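Asker:
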Amino acid sequence: MATAEYTKRFRDKRKALNRCVLCGKQDERTLSGYALCNKCAEKQRQYKQKLKEQHRCTQCGEQDERTLSGLCFCKFCTKKAKLLYRERKYTDRGTEK
Ligand SMILES: [Zn+2]
Ligand SMILES: [Zn+2]
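Structure, rendered in structure tokens:
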């Protein structure tokens, strides 16, 4: 909890300074509100593209029947994303429909 809080604050701080959350650099992309600079965004895009070409999960790099059938996430990450979504939905309940 303490570590997560620290990471969040650290990220918020960098974001507040309009710096890339990965490398800390500042460019027109981070200045316009993005969390990543051009270089890191491109790197991440290429990395994900490569994973996808190899039929691997773009989240964790694993390969299973889901990723092999062309999906971006493996079974595990899909489940994780769903749980996160449900959690968020639960948290937001009452404020949104
Ligand atoms: Zn960067
Ligand atoms: Zn995965």
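Residues are numbered in my numbering as their position in the sequence shown, beginning at 1, plus a constant of 78. All C-beta atoms in this analysis are idealised placements derived from N, C-alpha and C, irrespective of residue type, glycine included. As the structure is a prediction and not an experimental result, all values here were calculated from the model.
(1) Does the Cβ-Cβ distance between Gln137 and Phe151 come in under 8 Å?
(2) For Leu129, is the classification buried or exposed, using 16 other Cβ atoms within 10 angstroms of its Cβ as the cut-off for buried?
(3) So is Arg164 buried or exposed if we call it buried at 16+ other beta carbons inside 10 Å?
(4) Identify which residue in Val99, Thr169, Asp105 and Glu83 has its Cα closest to the Cα of Ala113.
(5) Near ligand 1, which residues have their beta-carbon less than 6 Å from any of its heavy atoms, given in chain order?
(6) Label Thr85 either buried or exposed according to how many other C-beta atoms from any shown protein chain fall within 10 Å of its C-beta, with 16 as the threshold for buried.
(7) Can you tell me the Cβ-Cβ gap for Arg97 and Thr81, rounded? I've got them flagged as a contact below 8 Å.
Answerer: By the coordinates alone:
(1) yes
(2) Leu129 should be labelled buried.
(3) When all chains shown are included, Arg164 counts as exposed.
(4) Val99
(5) Cys98, Leu100, Cys101, Lys103, Leu114, Cys115, Lys117 and Cys118
(6) A residue is called buried once 16 or more other Cβ atoms fall within 10 Å of its Cβ, and Thr85, having fewer, is exposed.
(7) That pair is no contact at about 21 Å.
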